[in-house]
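Reading through the structure tokens given below for one structure.
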Amino acid sequence: MSERERTPDQESTETTTVVAEPPTAETSPARPSFAERVGQRKWVTAPDPFGIAIDNLAGVRLFESKQDRQMAIKFGEGRPEDKPSQAVIDKMKEAGFRWNPADRIWAYPVRSDSAMSTRIEAERLYQDVCKMIRREKGIETGQEIPF
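Using the working numbering, read the sequence shown as starting at 247 and increasing by one per residue.
Here it is as structure tokens:
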């Protein structure tokens, strides 16, 4: 008798495979299946306002708020003792930034038609203001961290 032939009294060597039935409404979890989730995106939101640059020694931070559509520069924590010199304030006003007392920031609106140039100009102003404050405080200007 060959290996494949067997007599009725021999046990079968075949294995059976159990096929799972698809989950029903009663047995499926509340979470959608992988197949149902394919193509769905989970949006990760960025913090708003978003910090662009910070100079800890000068105590100056540059932010952009997409929600408020503005660039902002903040000196220290915005307290009265963190107020910059009149020369720095004049530079901020010259650049079109306005003091926002509620948020204690200097803000400039970002318009969709000039958003990129506004961001570039705000970064240049931030760098100029940091240099001015560092000079006023007697901090060497070679120590700043580029963005």
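All residues carry an ideal CB built from backbone N, CA and C; glycine is no exception.
{"Asked": "On the criterion of 16 or more Cβ atoms from any shown chain inside 10 Å, does lysine 320 qualify as buried, or is it exposed?", "Found": "buried"}
{"Asked": "Would you decide whether arginine 381 is buried or exposed? Buried here means 16 or more other CB atoms lie within 10 Å of its CB.", "Found": "exposed"}
{"Asked": "Taking the alpha carbon of proline 293 as the point to measure from, which residue in Phe309, Glu282, Ser279 has its own alpha carbon closest?", "Found": "Phe309"}
{"Asked": "Nearest to serine 360 by alpha carbon, out of Gln316, Ile298, Asp349?", "Found": "Gln316"}
{"Asked": "Between the alpha carbons of glutamine 286 and alanine 276, how many angstroms are there, rounded?", "Found": "17 Å"}
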